[in-house]
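Chains as they are written, first to last, in the numbering used here: chain S, 494 to 630; chain B, 494 to 630.
Protein chains: 2
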Amino acid sequence: MTVREQPAKEHRRTRQRAAVDEVLDQTEDFISAQELHALLRTRGAGVGLATVYRTLQTLADDGRVDVLRSDAGEAVYRRCVREEHHHHLVCRSCGATVEIAGPTVERWAKSIADQHGYSEVSHTLEIFGTCPRCAAS
Amino acid sequence: MTVREQPAKEHRRTRQRAAVDEVLDQTEDFISAQELHALLRTRGAGVGLATVYRTLQTLADDGRVDVLRSDAGEAVYRRCVREEHHHHLVCRSCGATVEIAGPTVERWAKSIADQHGYSEVSHTLEIFGTCPRCAAS
DNA sequence: GCCGTTTTGACAATGGTTGTCAGTCTTGAT
DNA sequence: ATCAAGACTGACAACCATTGTCAAAACGGC
């Protein structure tokens with residue numbers, strides 16, 4: 494999770510964006526642009542791949558979705574539930590995600606940066622593990 | 494930074510690996526495989542691109558270099574100074590890096606994971622900011 | 001020096017992501 | 001409702017980092 498600022502700009506409402514939005518609403522975990530595209534295709538709501546990418550990018554720029562990189566370096570997206578800055582606890586196996594608010598870490602990161610004279614600080618933090626369900630099987 | 498464990502296996506010493514090693518020794522900041530390859534080429538020590546990738550991957554597997562993803566999703570590598578798990582404070586502008594050891598965060602991450610029943614926990618954490626030098630200019 | 005293995009390198013192939021550009025749709029104004 | 005301006009879309013090409021392939025070369029132990 495990278496801290497972001499920026500207000501949000503206006504965008505036109507289109508069938509494609511609505512479709513992407515809907516999928517995001519119905520999806521608990523992180524999803525890649527490719528997966529989202531494939532999903533839309535199976536649902537019959539055909540949306541161009543390029544459009545999916547553009548839409549997700551726009552949403553990310555506006556801070557309406559979280560973006561993070563999978564271990565494979567693929568970008569994955571997810572509707573941002575909390576408005577404030579937060580982090581994720583992600584299951585390595587099934588992808589189940591828990592959003593985490595970490596005042597502790599925020600402060601820690603800030604103080605570390607201050608110590609070294611770094612300004613305009615942001616940070617990324619993700620925790621990976623095996624969730625209870627996957628651990629059981 | 495992802496937590497890693499694993500012992501290290503033996504590998505053969507070759508001219509190419511020595512060359513990659515040398516560059517890593519002389520490089521303070523993170524460098525991508527492509528950059529490293531180009532650098533070797535200009536130095537005359539030609540090493541195949543595929544070899545550079547394989548070498549870096551091996552080093553990473555053995556825990557001898559740190560790997561992280563740039564915002565662009567490109568993998569960047571750096572000789573690992575500390576042996577234990579640590580994080581980085583990276584200058585957004587010039588790439589200058591400070592290695593950070595964070596017992597605080599380690600504990601915090603562990604406890605959060607425990608709370609949600611997640612096991613085999615690892616985590617990634619990078620702090621980005623503008624370093625004093627870049628902020629001055 | 002010899003031999004089984006590992007490693008290399010040139011190149012093809014993969015795959016996610018972005019660029020292009022003509023055609024389409026949304027919006028605010030009339 | 002109608003219209004013009006320009007934002008948005010889609011099909012496809014282009015990019016580019018990374019990985020796969022496989023014959024040739026290098027390494028290390030004997």
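Just so you know, even glycine gets a beta-carbon here, dropped at the ideal spot from N, CA and C.
Please read all numbers here as calculations on a predicted model, not as lab measurements.
**Request:** Spell out the partners DSSP gives S:His580 in its beta bridges.
**Result:** By one-based count along the first sequence, residue 580 of chain S stands at place 87. According to DSSP, which records beta bridges pairwise, S:His580 is partnered with S:Ile593.
**Prompt:** What are the partner residues of S:Tyr570, as DSSP defines its beta bridges?
**Reply:** Indexing the first sequence from 1 puts residue 570 of chain S at position 77. Per DSSP, S:Ile524, S:Val560.
**Asked** Taking 8 Å as the CB-CB cut-off, is B:Val612 touching chain S?
**Response** Within the second sequence, the letter at position 119 stands for residue 612 of chain B. The residue asked about is misnamed: residue 612 of chain B is Ser in this sequence, not Val. Between B:Ser612 and chain S, the shortest Cβ-Cβ separation is below 8 Å.
**Request:** Would you please verify whether the beta carbon of S:Gly595 is less than 8 Å from any beta carbon of chain B?
**Result:** As a position in the first sequence, residue 595 of chain S is number 102, starting the count at 1. Closer than 8 Å: yes.
**Asked** What does S:Val591 reach in chain B if we use C-beta pairs closer than 7 Å?
**Response** Numbered from 1 along the first sequence, position 98 holds the residue referred to as residue 591 of chain S. Result: His609.
**Message:** Let me check one thing: in DSSP terms, what residues is S:Gly622 bridge-paired to?
**Reply:** What you label residue 622 of chain S is simply residue 129 of the first sequence in a count that begins at 1. According to DSSP, which records beta bridges pairwise, S:Gly622 is partnered with S:Cys584.
**Item:** Local Cβ density within 10 Å of S:Ala543, reported as buried at 16 or more and exposed below that
**Value:** Here residue 543 of chain S refers to the residue found at position 50 when the first sequence is read from its first residue. With fewer than 16 other Cβ atoms inside 10 Å of its own Cβ, S:Ala543 counts as exposed.
**Message:** In the DSSP output, what is S:His438 paired with across the bridge?
**Reply:** Because chain S spans 494 through 630 in this model, residue 438 of chain S falls outside it and cannot be assessed.
**Request:** Determine the burial state of S:His616: buried for a count of at least 16 other Cβ atoms within 10 Å of its Cβ, exposed for fewer.
**Result:** Your numbering for residue 616 of chain S matches position 123 in the first sequence. So S:His616 counts as buried.
**Request:** May I ask you to verify whether the segment 524–533 of chain B touches the segment 565–574 of chain B, counting CB pairs closer than 8 Å and requiring at least 3?
**Result:** yes
**Message:** Can you look up B:Ala677 in the DSSP assignment and give me helix, strand or coil?
**Reply:** With chain B running from 494 to 630 in the structure shown, residue 677 of chain B is simply not present.
**Item:** the segment 607–626 of chain S contacting the segment 601–609 of chain B, beta-carbon criterion three pairs below 8 Å
**Value:** yes
**Message:** Rounding to the nearest angstrom, what Cα-Cα distance links S:Val558 and B:Trp601 in this structure?
**Reply:** Mapped onto the first sequence, residue 558 of chain S falls at position 65. Mapped onto the second sequence, residue 601 of chain B falls at position 108. The alpha-carbon separation between S:Val558 and B:Trp601 amounts to approximately 25 Å.
**Asked** From the beta carbon of B:His616, is the nearest beta carbon of chain S less than 8 Å away?
**Response** The residue given as residue 616 of chain B occupies position 123 in the second sequence. Yes, B:His616 counts as interfacial toward chain S.
**Message:** For B:Thr623, would you say it is in contact with chain S, using Cβ-to-Cβ distances shorter than 8 Å as the test?
**Reply:** Reading the second sequence from its first residue, position 130 is the one you call residue 623 of chain B. Yes, B:Thr623 lies at the interface with chain S (some Cβ there is under 8 Å from its Cβ).
**Asked** If we ignore side chains and look at the alpha-carbon of each, how far apart do B:Val598 and S:Val598 end up?
**Response** On the second sequence, position 105 is the one that residue 598 of chain B refers to. On the first sequence, position 105 is the one that residue 598 of chain S refers to. The alpha-carbon of B:Val598 is positioned some 7 Å away from that of S:Val598.
**Request:** Over the uninterrupted alpha helix (DSSP H) stretch that includes S:Glu515, give me the two end residues.
**Result:** Here the question's residue 515 of chain S lines up with position 22 in the first sequence. That run of the alpha helix (DSSP H) goes 508–519.
**Prompt:** Mapping DSSP to helix, strand and coil, what is B:Glu503?
**Reply:** Position 10 of the second sequence, counted from the first residue, corresponds to residue 503 of chain B. Coil at B:Glu503, not helix or strand.
**Rounded C-alpha distance that separates S:Ala594 from S:Gln509** = The residue you call residue 594 of chain S lines up with position 101 of the first sequence. The residue you call residue 509 of chain S lines up with position 16 of the first sequence. The alpha-carbon atoms of S:Ala594 and S:Gln509 are separated by roughly 32 Å.
**Message:** Using a 10 Å radius around the Cβ and a threshold of 16 neighbouring Cβ atoms, would you call S:Arg562 buried or exposed?
**Reply:** By one-based count along the first sequence, residue 562 of chain S stands at place 69. It counts as buried.
**Same chain, Cβ closer than 7 Å to S:Asp522, five either side skipped, listed in chain order** = By 1-based counting over the first sequence, the position of residue 522 of chain S is 29. Spatial neighbours of S:Asp522 in its own chain (CB-CB distance under 7 Å, excluding positions within 5 residues in sequence) are listed in chain order as Arg571, Gly588, Ala589, Thr590.
**Item:** B:Val560: contacting residues in chain S (beta-carbon distance under 7 Å)
**Value:** Position 67 of the second sequence holds residue 560 of chain B. Simply none; closest approach about 10 Å.
**Prompt:** Beta-carbon of S:Leu533 versus every beta-carbon of chain B: anything under 8 Å?
**Reply:** Here residue 533 of chain S corresponds to residue number 40 of the first sequence, with the count starting at 1. No, S:Leu533 lies away from the interface with chain B (no Cβ there is under 8 Å from its Cβ).
**S:Gly539 at chain B interface by Cβ criterion, 8 Å** = As a first step, residue 539 of chain S must be located in the first sequence, where it is residue number 46. No, S:Gly539 lies away from the interface with chain B (no Cβ there is under 8 Å from its Cβ).
**Item:** Reference B:Arg547, options B:Thr535, B:His530, B:Arg534, B:Gly537, closest by Cα
**Value:** Translated into the one-based positions of the second sequence, residue 547 of chain B becomes position 54. When each option's Cα is compared against that of B:Arg547, the closest is B:His530.
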